[in-house]
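Written out below as structure tokens is the structure these notes cover.
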């Protein structure tokens, strides 16, 4: 039977793992570029 | 594949109500109203289909996916606002295929980041690359047509806005695929997606318009709020189908398939709103030819379905995700196969029924004060296209229920 996780993953560890993941930075940087262009269009 | 087709019809229909908002209302305000419709739909439709209790279970298993979903929601809001600028400048029938270049980016990210199309064989590669080239050629034709329709300075703003929306949406599929490789249910993903979407859109609208003028604009647009929120609601139905397509056939195939929405956009634009009226044979030929080329491209990509070796390659990407984020292997495996992780079937609670009743009441209240703007709309074509959309919803929804039980 699948088990529930015993301990919640520590938030700091989780954020560190996400920050080291290139999959996060690509969309994040594209989002920033989109926001800058939106400012120009407006 | 069925999900991808239904997604095309509903995503295509979702942009049509934007045409009903007065050009005096800012694109940011229009986008905010649509996002309100999306917000309501994203909390009520999942509640109706599976109940919200399954969302908690998904979050316990893969809490990091909340951040991915919120990030994807932020990207959606910015892209949606761009599309309103584009629709107002170059029209629905031209803007649609331009932002649908997002599928090319989807293929690129799927290949680079998630092992899609690895070991795919030359026939599948030819289908995908040939399709991509056809889509590019179609987009070029449409861009040429747009310069014939409006002043070139305005046209280039519209084309840039539409292409940027395509880049944002194409990159948004990274968080989507990330979630589905980890076995998350699409209905849980969209629940958090909507928070990023709503917060970003509200912040953009308040920052750029100012709270007082935003409120005045919302009041002045109250007669069309229902139509815009309905557009958001319709978009959610299309997006849910798209999410299931991305989950079960990957982003490099699911997204091009759902991009048949441009044909639906073309039907709405030309037949319902009489766009391109008086544009001459050449403009018609460019727009229709460009759209058909892009659709053939999408079809070529969709027919290059993944083989066994490629599926094994996806599994490698899934294992990498579960190791990086400490997700249980069983959760990932059952999620990807579309079976229940803990053997329990989720049930709807009182909260779910409250959400459904609340959303329905808001839509009914807005419908009462709604007015059809005085513009040249073909009601017969509206009824015909809406019937076809409903038929696809029922048939594809049933097919999805039989095969996955919406997991």
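Chains as they are written, first to last, in the numbering used here: chain A, 4 to 45; chain B, 1274 to 1680.
Note that CB positions come from ideal geometry on N, CA and C, so glycine has one too.
Close to chain A, meaning a Cβ-Cβ distance shorter than 9 angstroms, are the following residues of the segment 1339 to 1369 of chain B: 1340, 1341, 1344, 1345, 1347, 1348, 1351, 1352, 1354, 1355, 1358. Within the segment 1438 to 1459 of chain B, 1440, 1441, 1444, 1445, 1447, 1448, 1451 place their CB atoms closer than 8 angstroms to a CB of chain A, listed in sequence order. Around the CB of residue 1555/B, fewer than 16 other CB atoms lie within 10 Å, so the residue is classed as exposed. Shown here, residue 1533/B sits in coil according to DSSP, grouped into three states, outside any helix or strand.
With distances taken between CA atoms, residue 1404/B lies nearest to 1572/B out of 1473/B, 1276/B, 1539/B, 1572/B.
Contact check for residue 1512/B against residue 1472/B fails: the beta carbons are separated by 8 angstroms or more. Cβ contact annotation for residue 1447/B (same chain, cutoff 6 angstroms, sequence separation greater than five): 1382, in chain order.
For the pair residue 1364/B and residue 1548/B, the CB atoms are nearer than the 8 angstroms cut-off. Per DSSP, reduced to three states, the secondary structure at residue 1548/B is coil, with no helix or strand assignment.
Only residues of its own chain outside the window of five on either side were considered, and among them none has a CB closer than 6 angstroms to the CB of residue 28/A. For the set 1334/B, 1469/B, 1351/B, the Cα lying nearest the Cα of residue 1341/B is the one of 1469/B. If you draw a 10 Å sphere on the C-beta of residue 1644/B, you find fewer than 16 other C-beta atoms in it, and that means exposed.
Take residue 1569/B, set aside five residues on each side of it, and the residues of its chain with a beta-carbon closer than 6 angstroms to its own are 1407, in chain order.
Nearest in C-alpha terms to residue 1603/B, of all of 1335/B, 1306/B, 1350/B, 1535/B, is 1335/B. Proximity of residue 1494/B to chain A, defined by a Cβ-Cβ separation below 8 angstroms, is not satisfied.
Residue contact with chain A for residue 1598/B: present (Cβ-Cβ distance below 8 angstroms to some residue of chain A). Rounded to the nearest angstrom, the gap between the Cα atoms of residue 1461/B and residue 1327/B is 7 angstroms.
Pairing residue 1314/B with residue 1509/B gives a Cβ-Cβ distance under 8 angstroms. Sequence-distant Cβ neighbours of residue 1495/B in its own chain, meaning closer than 7 angstroms and more than five residues away, are 1642. Interface annotation, residue 1430/B: in contact with chain A, CB-CB separation under 8 angstroms. In this structure, DSSP gives residue 1336/B a state outside helix and strand, which the three-state scheme calls coil. Rounded to the nearest angstrom, the gap between the Cα atoms of residue 1444/B and residue 1395/B is 26 angstroms.
Rounded to whole angstroms, the gap between the alpha carbons of residue 1385/B and residue 1678/B is 31 angstroms. Chain A has a Cβ within less than 8 angstroms of the Cβ of residue 1386/B.
Shown here, residue 1678/B sits in coil according to DSSP, grouped into three states, outside any helix or strand. Interface annotation, residue 1484/B: not in contact with chain A, CB-CB separation never under 8 angstroms.
Taking a Cβ-Cβ cut-off of 7 angstroms, the neighbours of residue 1481/B in chain A comprise 45, given in sequence order.
In this structure, DSSP gives residue 1388/B a state outside helix and strand, which the three-state scheme calls coil.
Taken in chain order, the unbroken stretches of alpha helix (DSSP H) that lie wholly in the segment 1342 to 1374 of chain B and span 4 residues or more are 1365 to 1372. In terms of Cα proximity to residue 1299/B, the closest of 1481/B, 1276/B, 1536/B, 1639/B is 1481/B.
Going by DSSP, residue 1625/B is part of the alpha helix (DSSP H) stretching over 1623 to 1642. The Cβ-Cβ distance between residue 1279/B and residue 1536/B does not fall below 8 angstroms. Shortest Cα-Cα distance from residue 1539/B to any of 1519/B, 1375/B, 1561/B involves 1561/B.
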